[in-house]
Amino acid sequence: MRLTIGILLAVLFSPLAQAELIDEINDRGELRIAVLGDAPPYAFKENEHLTGFEIELGQALAKELDVRAEFVETAAEEVLPGVESGKYDMTFNKQDIELSDKLDAIRTLASQKLVIPYQKGNPAFETAVNNALQRIEDDGRLAALEKKWLTAARETSAGQ
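Mature numbering (1 follows the signal peptide of the UniProt record, and there is no 0) puts the sequence shown at residues -19 to -1, 1 to 141.
See below:
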């Protein structure tokens, strides 16, 4: 009996028994994405609604994962700690960041040096997001978003 309880406790507290992030997201039905609300053209408010490259990319990503996107405006210094703690599922980061030992980066979208940090130890989440990003890239949606938000912003700033 004592051996059975010991095995049960070992299984319950092993890393394999912990819920994978993608399962939590599916149960919730939403992907929580931390964004800075004042970083045009990536994320900013227009008529009291968030818009921008990160917002539209997050919506496309959530749609590919068959959940809704929940954007949470967050102060810059709270973004990565919030992802580390699980308050947010992921974020988009445009800088060369030093990831802590609690975070991985899904991949870098080379054209805009965009890194997508998330909690370590979630390989199914990583695979799901990478596959979704690949579909968004393959069907031309990523290029369209880049053209809409990033190319237009570069042209506007160059013309000033």
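We treat Cβ as the ideally placed atom computed from N, Cα and C, and that holds for glycine.
| Query | Result |
| --- | --- |
| Assumed close pair A56, A50 - CB separation to whole angstroms, cut-off 8 Å | So it is not a contact: roughly 20 Å between Cβ atoms. |
| Beta carbon of A15 nearer than 8 Å to that of V53 | yes |
| Coil, strand or helix - A125 by DSSP | helix |
| Strand pairing of V53, partner residues [DSSP] | A15 |
| Three-state secondary structure assigned by DSSP to P22 | coil |
| For E11 and F106, believed in contact at Cβ under 8 Å, the rounded distance | About 14 Å separates the two Cβ atoms, so there is no contact after all. |
| Distance CB(F34)-CB(L114) smaller than 8 Å | no |
| Contact belief for K26 with G18 at Cβ below 8 Å, rounded distance in angstroms | 6 Å |
| E65 vs Q100 beta-carbon contact at 8 Å | yes |
| The beta strand (DSSP E) enclosing V110, as first and last residue numbers | No beta strand (DSSP E) holds V110; the alpha helix (DSSP H) holding it covers 104 to 119. |
| Rounded separation between residue 149 and A41 - CA only | Since the first residue of the chain shown is -19 and the last is 141, residue 149 is not available in this structure. |
| Beta-carbon spacing of N74, P98 below 8 Å | yes |
| Neighbourhood of R116 by C-beta distance below 7 Å, restricted to the same chain and skipping five residues each side | E45 |
| Endpoints, the beta strand (DSSP E) within which L95 is located | 95 to 100 |
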